[in-house]
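Mapping of the sequence shown onto full-length UniProt numbering: residues 1 to 79, in sequence order.
What follows is a single structure, written as C-alpha coordinates, with notes after it.
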Amino acid sequence: QKLAKLCFDQASVASASHNIILLARKDLQSKDEFAQKQIRRFAGSKEENFQRILKIYTHDTDAMNEKELYHFAQLQCYL
(Lines of atoms letter the chains of each structure in order from A and count residues from 1; the text may use other names and numbers.)
(Lines give C-alpha, C1' and ligand atoms only; values in the text may rest on other atoms or scores of the structure.)
Protein backbone atom coordinates (compact mmCIF):
# COMPACT_ATOMS: atom_id res chain seq x y z
CA GLN A 1 0.00 0.00 0.00
CA LYS A 2 2.81 2.43 0.85
CA LEU A 3 4.62 1.69 -2.40
CA ALA A 4 1.39 2.11 -4.37
CA LYS A 5 0.95 5.60 -2.92
CA LEU A 6 4.43 6.54 -4.10
CA CYS A 7 3.52 5.18 -7.55
CA PHE A 8 0.52 7.48 -8.03
CA ASP A 9 -1.90 4.95 -6.48
CA GLN A 10 -1.44 2.35 -9.20
CA ALA A 11 -3.60 -0.65 -8.30
CA SER A 12 -1.23 -3.05 -10.05
CA VAL A 13 1.58 -2.05 -7.69
CA ALA A 14 -0.54 -2.70 -4.62
CA SER A 15 -1.84 -6.05 -5.85
CA ALA A 16 1.42 -7.43 -7.28
CA SER A 17 2.93 -10.43 -5.53
CA HIS A 18 6.41 -8.96 -6.06
CA ASN A 19 7.82 -5.55 -6.94
CA ILE A 20 11.27 -4.78 -8.28
CA ILE A 21 12.78 -1.41 -7.44
CA LEU A 22 15.77 -0.08 -9.39
CA LEU A 23 17.86 2.73 -7.94
CA ALA A 24 20.22 5.01 -9.82
CA ARG A 25 23.49 5.76 -8.01
CA LYS A 26 25.19 9.06 -8.71
CA ASP A 27 28.40 8.43 -6.73
CA LEU A 28 30.28 7.17 -9.79
CA GLN A 29 33.17 9.62 -9.92
CA SER A 30 36.74 8.93 -8.81
CA LYS A 31 36.28 11.14 -5.73
CA ASP A 32 33.34 9.05 -4.51
CA GLU A 33 33.79 6.37 -1.85
CA PHE A 34 31.37 3.98 -3.58
CA ALA A 35 33.28 4.05 -6.88
CA GLN A 36 36.60 3.56 -5.08
CA LYS A 37 35.22 0.65 -3.06
CA GLN A 38 33.92 -1.11 -6.17
CA ILE A 39 37.24 -0.72 -8.00
CA ARG A 40 39.24 -1.95 -4.99
CA ARG A 41 37.28 -5.22 -5.10
CA PHE A 42 39.10 -6.33 -8.25
CA ALA A 43 42.13 -4.02 -8.53
CA GLY A 44 44.32 -6.06 -6.22
CA SER A 45 46.49 -4.73 -3.43
CA LYS A 46 48.83 -2.52 -5.48
CA GLU A 47 47.96 1.16 -5.26
CA GLU A 48 49.25 1.83 -8.78
CA ASN A 49 46.84 -0.79 -10.19
CA PHE A 50 43.98 0.76 -8.24
CA GLN A 51 44.71 4.27 -9.50
CA ARG A 52 45.09 3.10 -13.10
CA ILE A 53 41.83 1.13 -13.09
CA LEU A 54 39.96 3.88 -11.23
CA LYS A 55 41.04 6.38 -13.88
CA ILE A 56 39.88 4.07 -16.70
CA TYR A 57 36.46 3.42 -15.17
CA THR A 58 35.74 6.99 -14.05
CA HIS A 59 37.22 8.88 -17.02
CA ASP A 60 33.79 9.69 -18.50
CA THR A 61 31.89 10.23 -15.25
CA ASP A 62 34.56 12.56 -13.84
CA ALA A 63 33.90 14.93 -16.76
CA MET A 64 30.15 15.08 -16.04
CA ASN A 65 28.33 17.73 -14.05
CA GLU A 66 25.67 16.66 -11.55
CA LYS A 67 22.79 16.83 -14.05
CA GLU A 68 24.70 14.78 -16.65
CA LEU A 69 25.75 12.27 -14.01
CA TYR A 70 22.16 11.79 -12.85
CA HIS A 71 21.00 11.28 -16.45
CA PHE A 72 23.81 8.76 -17.03
CA ALA A 73 22.88 6.88 -13.85
CA GLN A 74 19.22 6.75 -14.90
CA LEU A 75 20.15 5.29 -18.28
CA GLN A 76 22.16 2.52 -16.59
CA CYS A 77 18.92 1.29 -15.00
CA TYR A 78 17.62 0.39 -18.46
CA LEU A 79 20.53 -1.92 -19.13
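All residues carry an ideal CB built from backbone N, CA and C; glycine is no exception.
Since the structure is predicted, the reported quantities are computational estimates derived from the model, not experimental observations.
Measure the alpha-carbon distance for S30 versus D60 and round it to whole angstroms.
Working through the sequence shown from its first residue, we reach residue 30 at position 30. Working through the sequence shown from its first residue, we reach residue 60 at position 60. Their Cα atoms are separated by approximately 10 angstroms.
In three-state terms, what does DSSP make of residue 82?
Nothing about residue 82 can be reported from this structure: the residues present for the chain run from 1 to 79 only.
Measuring only the C-alpha atoms, how far is M64 from C7?
If you number the sequence shown from 1, residue 64 lands on position 64. If you number the sequence shown from 1, residue 7 lands on position 7. Taking the straight line joining both Cα atoms gives about 30 angstroms.
According to DSSP, simplified to helix, strand and coil, what is H71?
Against the sequence shown, residue 71 aligns to sequence position 71. Three-state DSSP puts H71 in a helix.
DSSP three-state call for Y57: helix, strand or coil?
In the sequence shown, counting from the first residue as 1, residue 57 sits at position 57. In the structure shown, Y57 sits in a helix (DSSP, three-state: H, G or I).
Are the Cβ atoms of L23 and I39 separated by less than 7 angstroms?
Numbered from its first residue, the sequence shown carries residue 23 at position 23. Numbered from its first residue, the sequence shown carries residue 39 at position 39. For L23 and I39, no; Cβs fall outside 7 angstroms.
Could you compute how far the alpha carbon of Y78 sits from the alpha carbon of N49?
On the sequence shown, position 78 is the one that residue 78 refers to. On the sequence shown, position 49 is the one that residue 49 refers to. Approximately 30 angstroms, taken between the alpha carbons.
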